[in-house]
Amino acid sequence: MEDNNQALLDKIMSLKKSRNAIILVHNYQLGEVQDIGDFVGDSLELSQQAAKTRADVIVFCGVHFMAETASILCPDKTVLLPEMHAGCPMANMITAPRLREKKKEYPGAAVVCYVNTPAAVKAESDICCTSANAVKIVQLFPREQEIIFVPDKYLGSYAARQAGREMILWPGYCPTHARIQAQDIIRLRKEYPNAKVVAHPECRTEVTDIADAVLSTGGIIRYARESGVKEIIVGTEIGILHRLKKENPDKKFIPVTEQAVCPRMKLTTLESVLWSLENMTHKVKVSENIRARAWAAVDKMLKASI
Ligand code: 13P
Ligand code: SF4
Numbered sequence: 125m126e127d128n129n130q131a132l133l134d135k136i137m138s139l140k141k142s143r144n145a146i147i148l149v150h151n152y153q154l155g156e157v158q159d160i161g162d163f164v165g166d167s168l169e170l171s172q173q174a175a176k177t178r179a180d181v182i183v184f185c186g187v188h189f190m191a192e193t194a195s196i197l198c199p200d201k202t203v204l205l206p207e208m209h210a211g212c213p214m215a216n217m218i219t220a221p222r223l224r225e226k227k228k229e230y231p232g233a234a235v236v237c238y239v240n241t242p243a244a245v246k247a248e249s250d251i252c253c254t255s256a257n258a259v260k261i262v263q264l265f266p267r268e269q270e271i272i273f274v275p276d277k278y279l280g281s282y283a284a285r286q287a288g289r290e291m292i293l294w295p296g297y298c299p300t301h302a303r304i305q306a307q308d309i310i311r312l313r314k315e316y317p318n319a320k321v322v323a324h325p326e327c328r329t330e331v332t333d334i335a336d337a338v339l340s341t342g343g344i345i346r347y348a349r350e351s352g353v354k355e356i357i358v359g360t361e362i363g364i365l366h367r368l369k370k371e372n373p374d375k376k377f378i379p380v381t382e383q384a385v386c387p388r389m390k391l392t393t394l395e396s397v398l399w400s401l402e403n404m405t406h407k408v409k410v411s412e413n414i415r416a417r418a419w420a421a422v423d424k425m426l427k428a429s430i
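Sequential numbering of the sequence shown, starting at 125, is according to my numbering.
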C-alpha cells in the first residue's frame, strides 16, 4: 500500500515536470491531495497564484468555479479540473439570465458577485469578491449606491452588517456551512472555556454573530498560526483541519460539527490528479465573449486586494 502510494506520487511528480504543470489545491481538499500541492490556499490566494504562474498547465484541485476563475485569468494556459463533477452547489444557485432579470428590477444597482459563481454571472457583474475581501469590496461603493450581492445571502448579509449598509441579497447559501449551528458552538464553548471560535462568513448569521473571528479559510489558517490561541473551535468545512493540525501540532482544533463536509470538494483523489495529468482532462475553458467581461470583474477585485 505504502509502495503503491509512493509509485503514484512519483508518477504525478514526473508528469507534473514534463507537462510544466502547477498543482493548486483548496484548503478543503483531502489531506493526501493538499500534501502534493505546489500551493494550498483560499479562493483569493489561489486566483492570485493562478494569475502569476509561469506554468503551462494548472491542475486545479478544488471545485469548478475555481478552475473557471483560473481560466478567466490565464486564457493561454491549460486549466485542468481532475473531477468533472466537482461543482459548487451554491455557485449553481444563480444563472446569468436570472441575474439579468434582477438587474432589470434594480436598474441603478451595481452587482457584486462572490467568486462562487459561474463565469457567465461574473460577466454580468461590476466586481467580484471572495470571503477574504467581501467587506472591503462592498466598501468601495458610495453608501448611496444600491448593490445587488450574489449568490450567498449569508456572506452578503455579513458584509452588509460590517460595512453598515443594506444590500439586495440573492437567496443562495452553502449547504455545507448551513450545517454549522449556533447551539453546537454554545455547547462547545462550555466544554472548552479557553477556546476561541472562528467561523467562515458563509455560516448562518446566528453563527457569525457569536464567533470571535469571521475569516476566509486562508484567514483561519493565519489566525491559528499568529493569534497565540491554543484551542480553536472551527466553524467551517472540516477539510481545513488537515492543514491546521499539520502546521500547529501543539494546538487543539475542535470542529463545530463533523457533518460540515463538502462532498464535491472530496471527489478529487491522488488517482484523479494522476489521470488528469496523464490524459490532460478535464479542460476548463471559458469562451472569449464571456471571459473578457468576467475578467474585468475579477481583475478589479485583484487590484483592490493588493
Ligand atoms: P475560501 O475562499 O474562504 O477558501 O472559501 C471558499 C469556499 O468555497 C468556502 O466554502
Ligand atoms: Fe460550495 Fe459550500 Fe462546497 Fe464551498 S463548501 S465549495 S461554498 S458547497
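Quick reminder that beta carbons are idealized off the backbone N, C-alpha and C, glycines included.
On a predicted model such as this, the values are computed, not experimentally measured, just so you know.
The alpha helix (DSSP H) runs of length 4 or more contained entirely in the region 247-326 are, from start to end of the chain, 258-262, 277-287, 306-315. By the neighbour-count criterion, in which 16 or more other beta carbons inside 10 Å mark a residue as buried, glutamine 173 falls on the buried side.
Taking C-beta separations shorter than 6 Å and ignoring five residues to either side along the sequence, the partners of threonine 300 in its chain run Glu361, Ala384, Cys386, following chain order. Isoleucine 414 is positioned such that its CB atom lies no closer than 8 Å to that of isoleucine 357. Distance check between threonine 393 and each of Gly161, Arg143, Ala234 places Gly161 closest, using alpha-carbon atoms only. Annotated as proximal: cysteine 252 and methionine 425, with beta-carbon spacing under 8 Å.
For valine 338, the three-state secondary structure derived from DSSP is strand. Closest by C-alpha distance to arginine 349, out of Gly155, Glu371, Pro275, is Glu371. Secondary structure at glutamate 412: helix, using DSSP grouped into helix, strand and coil.
A distance below 8 Å separates the beta carbons of alanine 306 and glutamate 330. The DSSP assignment places complete beta strand (DSSP E) segments of no fewer than 3 residues inside the region 145-173 at 145-150, 163-165, in order along the chain.
In this structure, the ligand SF4 has a non-hydrogen atom nearer than 7 Å to the beta-carbon of asparagine 240. The way I'd put it, the region 192-204 does touch the region 176-184; three or more beta-carbon pairs between them come closer than 8 Å. Taken in chain order, the unbroken stretches of alpha helix (DSSP H) that lie wholly in the region 353-425 and span 4 residues or more are 364-371, 394-403.
Around the Cβ of isoleucine 345, a 10 Å sphere holds 16 or more other Cβ atoms; the residue is buried. One Cα belongs to tyrosine 238, the other to proline 275, and the distance between them is close to 7 Å.
In this structure, Ile261 is the residue among Ala131, Ile261, Ala233 with its C-alpha nearest to the C-alpha of alanine 287. Exclusion of the five residues before and after lysine 369 leaves Phe377 as the residues of its chain whose Cβ lies within less than 7 Å of its Cβ. Alanine 210 carries a coil assignment under DSSP once its states are collapsed to helix, strand and coil. With contacts defined as CB atoms closer than 8 Å, glutamate 290 and glycine 232 fail to qualify as a contacting pair.
Taking a 10 Å sphere around the C-beta of serine 249, we find 16 or more other C-beta atoms and assign the residue as buried. Looking at the DSSP output, alanine 234 sits in a beta bridge with Ile271. When the beta-carbon positions are compared, alanine 243 and glutamate 192 come within less than 8 Å of each other. In this structure, the alpha-carbon of proline 266 lies about 13 Å from that of valine 235. Going by beta carbons, alanine 323 and glycine 359 fall inside the 8 Å limit. Only exposed fits glycine 352, as fewer than 16 other CB atoms lie within 10 angstroms of its CB. Of all residues, those with a beta-carbon under 7 Å from at least one heavy atom of the ligand SF4 are Tyr152, Val187, Cys212, Pro213, Met214, Ala215, Asn240, Cys298, Pro299, Thr300, His301, Glu326, Glu361, Cys386, Arg388, Met389, reported in chain order.
Between glycine 155 and arginine 388, the C-beta spacing is not below 8 Å. For leucine 168, the CB falls within less than 7 Å of some heavy atom of the ligand 13P.
Take the alpha-carbon of tyrosine 230 and the one of tryptophan 399: they are about 46 Å apart. The ligand 13P approaches glycine 342 closely enough that one of its heavy atoms is under 7 Å from the residue's Cβ.
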